[in-house]
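When we follow the numbering used here, the leftmost residue of the sequence shown carries the number 376, and every step to the right adds one.
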Amino acid sequence: MSEASTLGAVSSLFGEAAQAGSAIRLYQHPSADHAEKVAATLACLKAAATEHAGHIVQATSLGVEDMVLTDLIARHALPVAIGTLETGKLHAETVALIGTIESTYKLSVEIYRPVQESVIRFVRDHGEKAMYESIDLRKACCGMRKLEPLARMLQGRSAWITGLRREQSNNRGGMQLRELDDQGRAKYNPLIDWTWGDIWHYVAEHQVPYNPLHDQFMPSIGCEPCTRAIAVGEDFRAGRWWWEDEKAKECGLHVHQK
Ligand code: SF4
Numbered sequence: 376m377s378e379a380s381t382l383g384a385v386s387s388l389f390g391e392a393a394q395a396g397s398a399i400r401l402y403q404h405p406s407a408d409h410a411e412k413v414a415a416t417l418a419c420l421k422a423a424a425t426e427h428a429g430h431i432v433q434a435t436s437l438g439v440e441d442m443v444l445t446d447l448i449a450r451h452a453l454p455v456a457i458g459t460l461e462t463g464k465l466h467a468e469t470v471a472l473i474g475t476i477e478s479t480y481k482l483s484v485e486i487y488r489p490v491q492e493s494v495i496r497f498v499r500d501h502g503e504k505a506m507y508e509s510i511d512l513r514k515a516c517c518g519m520r521k522l523e524p525l526a527r528m529l530q531g532r533s534a535w536i537t538g539l540r541r542e543q544s545n546n547r548g549g550m551q552l553r554e555l556d557d558q559g560r561a562k563y564n565p566l567i568d569w570t571w572g573d574i575w576h577y578v579a580e581h582q583v584p585y586n587p588l589h590d591q592f593m594p595s596i597g598c599e600p601c602t603r604a605i606a607v608g609e610d611f612r613a614g615r616w617w618w619e620d621e622k623a624k625e626c627g628l629h630v631h632q633k
């Protein structure tokens, strides 16, 4: 069953109102080879941490996939830095997760924010709702609030780790476990073959903290103005930049320019 139909089917089947823990109850359906997937992901993380010792970061979006990776990194004390982009437009629930990670796992999260002068200028020139006006302005906002801070996060590093999965969207179908980004840096996607059910099974088994917005039918969570809950049968990323054409729906963090 595809991810979209799984989401649609379970939300339709249960008709469950959003409540704490409902995402776990609705979605945890491990694949038959779930244990092998966990082992392969851990092996990938260990190999990456060894190969890029001192120069590798998990760029966490604070979404549930990234929480699984952070849990594996912390649980196995892997020498991988944890970094996140605080765009200034995140939901309060998302920002609160930073503190939750630090207190749960006893590690510090590197926080990268946009350049304040750039934000002030952009908002002055284009307004707070510029992202809805055109794709160019939306991309400019993502560039200022995400891409530039990400470049700072990756500066001096030879590798980064993401929580991307093939199932998340058609645009991500061709991704690989280990890729090179546009700067020639290694980019690892250790959850590439995990299903949505695998993710939530791991969360349930290991009591991984997660964003409560996932309990409100938001499978993919970005900035507050650009994220909405999805309806029954809608695609996984339908709640992101929903006013745009499907092909435009990436913020640029994971798009090859060449
Ligand atoms: S996701 Fe929306 S608010 Fe966030 S940086 Fe992109 S356009 Fe701006």
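Using N, Cα and C, we set each Cβ at its ideal position, and we do this for glycine too.
Being a predicted model, the structure only gives us computed values, none of them experimental.
The ligand SF4 heavy atom lying under 7 Å from the CB of residue i
| i | result |
| --- | --- |
| M506 | yes |
| R488 | no |
| G531 | no |
| T462 | yes |
| R513 | yes |
| G572 | no |
| G502 | no |
| R612 | no |
| P405 | no |
| G597 | yes |
| P524 | no |
| R496 | no |
| C419 | no |
| R560 | no |
| P594 | no |
CB contact flag (residue i, residue j, <8 Å)
| i | j | result |
| --- | --- | --- |
| M442 | V607 | no |
| Y487 | E461 | yes |
| L437 | T469 | yes |
| I431 | V455 | yes |
| E485 | M519 | no |
| W571 | Y402 | yes |
| C419 | L552 | yes |
| K464 | E599 | yes |
Span of the alpha helix (DSSP H), counted from its first residue to its last, around residue i
| i | result |
| --- | --- |
| G474 | A467 to Y480 |
| R527 | E523 to L529 |
| V439 | V439 to R450 |
| E411 | H409 to E426 |
CA nearest to the CA of residue i, picked from the options
| i | options | result |
| --- | --- | --- |
| K412 | R615, A526, R540 and D610 | R540 |
| E477 | I457, S493, K464 and Q433 | I457 |
| P405 | Y577, E508 and P587 | Y577 |
| H634 | A515, E619, G538 and L588 | Nothing about residue 634 can be read from this structure; the chain reaches only from 376 to 633. |
| D556 | W618, S493, V494 and L628 | L628 |
| E580 | A393, H409 and A395 | H409 |
For residue i, the first and last residue of its enclosing beta strand (DSSP E)
| i | result |
| --- | --- |
| W535 | A534 to I536 |
| V432 | I431 to T435 |
| G458 | A456 to L460 |
| V484 | V484 to Y487 |
### Message
Does the structure place the region 419-428 close enough to the region 560-578 that three or more beta carbon pairs sit under 8 Å?
### Response
Counting Cβ pairs under 8 Å, three or more are found: they touch.
### Task
Count the C-beta pairs between the region 524-535 and the region 596-613 that are closer than 8 Å, then say yes if the count reaches three, no if not.
Two segments are said to touch when three or more pairs of C-beta atoms, one from each, lie closer than 8 Å; by this definition the region 524-535 does not touch the region 596-613.
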